[in-house]
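Undergrad: To start, I am sharing the structure in question, which I have written as structure tokens.
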Amino acid sequence: DTEVTQTPKHLVMGMTNKKSLKCEQHMGHRAMYWYKQKAKKPPELMFVYSYEKLSINESVPSRFSPECPNSSLLNLHLHALQPEDSALYLCASSQGRLAGGTDTQYFGPGTRLTVL
Amino acid sequence: AQSVTQLDSQVPVFEEAPVELRCNYSSSVSVYLFWYVQYPNQGLQLLLKYLSGSTLVKGINGFEAEFNKSQTSFHLRKPSVHISDTAEYFCAVRGIYNFNKFYFGSGTKLNVKP
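Written as structure tokens, this is what we have:
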């Protein structure tokens, strides 16, 4: 089973709202990722968690706040977003550093976010 | 640093025809290469990967890719496409110094016509 689930599937929010995106995997993976994807573009890495610790932050604005409560869950808290933040937000997971050269990322279906 | 180039932004092809989607990478050391497919309004699905060993890699849905070190290429092929193969295809290379970082190509839209 290589399933990564994401909720909600769609989200519409105003610029003053606070909302959260959720991601879950039960593959025993120890690395989890958030990507942002604009239309007709490749995914852009935002954050990486390795063994529940934030290991990469690609200079993402503070209005995006990631959280990894345990090894199976990854959240992305959203606050005071701008219309240009509208995009598909993808979660991915992989075995992590112990897999070494064989490590492979598996993606969820994404959350389509619209900021009004 | 690692990077990948997908030379074609769009590839139109008729159903049952063969197709090749091109991907070139730049790296001075060993590479780990991947092809992902993204159907409309969905996430990315792993098609196949090259980590080591045989240079011809077979994936899902009848796709295969050949790793060519001398030409620094990892082209994706399918001998006979279906309408359902219409999607965006991304080539990616994983970072050597940081396995957590994937470098994606700009994508190729495969448009299969009846």
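Heads up: the protein sequence lines correspond to chains A and B, in order.
Under the working numbering, the residue at position 31 of the first sequence is numbered 31, and the numbers go up by one with no gaps.
Under the working numbering, the residue at position 94 of the second sequence is numbered 1094, and the numbers go up by one with no gaps.
The beta-carbon is built from N, C-alpha and C at its ideal position, and this holds for glycine as well.
1) With DSSP collapsed to three states, give me the class of B:T1005.
2) I need the straight-line Cα distance from B:L1033 to B:H1082, nearest angstrom please.
3) Got a sec: which bits of the segment 1032-1053 of chain B sit with their beta carbon under 9 Å from any beta carbon on chain A, in order along the chain?
4) How far does the beta strand (DSSP E) with A:I56 in it reach, from first residue to last?
5) Give the residues from the segment 1081-1100 of chain B that approach chain A closer than 9 Å (Cβ to any Cβ), ordered along the chain.
6) With 8 Å as the limit, tell me which residues of the segment 45-56 of chain A have their beta carbon closer than that to any beta carbon of chain B; keep them in chain order.
7) Would you call the CB atoms of B:T1005 and B:G1105 closer than 9 Å?
8) For B:V1029, count the other beta carbons within 10 Å of its own beta carbon; 16 or more makes it buried, fewer makes it exposed. Which is it?
9) Hey, is the segment 46-65 of chain A in contact with the segment 4-19 of chain A, meaning 3+ C-beta pairs nearer than 8 Å?
10) Under DSSP, the beta strand (DSSP E) around B:Q1038 begins and ends at which residues?
11) Counting contacts by CB-CB distance shorter than 9 Å, is B:K1109 in contact with chain A?
TA: So, from the data block:
1) Residue mapping note: residue 1005 of chain B aligns to position 5 of the second sequence, counting from 1. Here B:T1005 sits in strand by DSSP.
2) Residue 1033 of chain B sits at position 33 when you count from the first residue of the second sequence. Residue 1082 of chain B sits at position 82 when you count from the first residue of the second sequence. Their Cα atoms are separated by approximately 25 Å.
3) Y1032, F1034, Y1036, Q1038, N1041, Q1042, G1043, L1044, Q1045, L1046, K1049, L1051 and S1052
4) Here the question's residue 56 of chain A lines up with position 56 in the first sequence. Where A:I56 is concerned, the enclosing beta strand (DSSP E) stretches over K53 to N57.
5) Residues of the segment 1081-1100 of chain B whose Cβ lies closer than 9 Å to any Cβ of chain A, in chain order: E1088, F1090, A1092, R1094, N1098, F1099 and N1100.
6) For chain B, the residues of the segment 45-56 of chain A that bring a beta carbon within less than 8 Å of one of its beta carbons are L45, V48, S50, S55 and I56, in chain order.
7) Counting from 1 along the second sequence, the entry for residue 1005 of chain B is found at position 5. Counting from 1 along the second sequence, the entry for residue 1105 of chain B is found at position 105. Yes, the Cβ-Cβ distance between B:T1005 and B:G1105 is below 9 Å.
8) Stepping through the second sequence from its first residue, residue 1029 of chain B is reached at position 29. Per the 10 Å Cβ criterion, exposed.
9) Contact between the segment 46-65 of chain A and the segment 4-19 of chain A is absent: fewer than three C-beta pairs spanning the two stretches fall below 8 Å.
10) Numbered from its first residue, the second sequence carries residue 1038 of chain B at position 38. Here the beta strand (DSSP E) through B:Q1038 covers L1033 to Q1038.
11) Locating residue 1109 of chain B in the second sequence gives position 109, where the first residue counts as 1. By the rule that beta-carbons nearer than 9 Å mark a contact, B:K1109 touches chain A.
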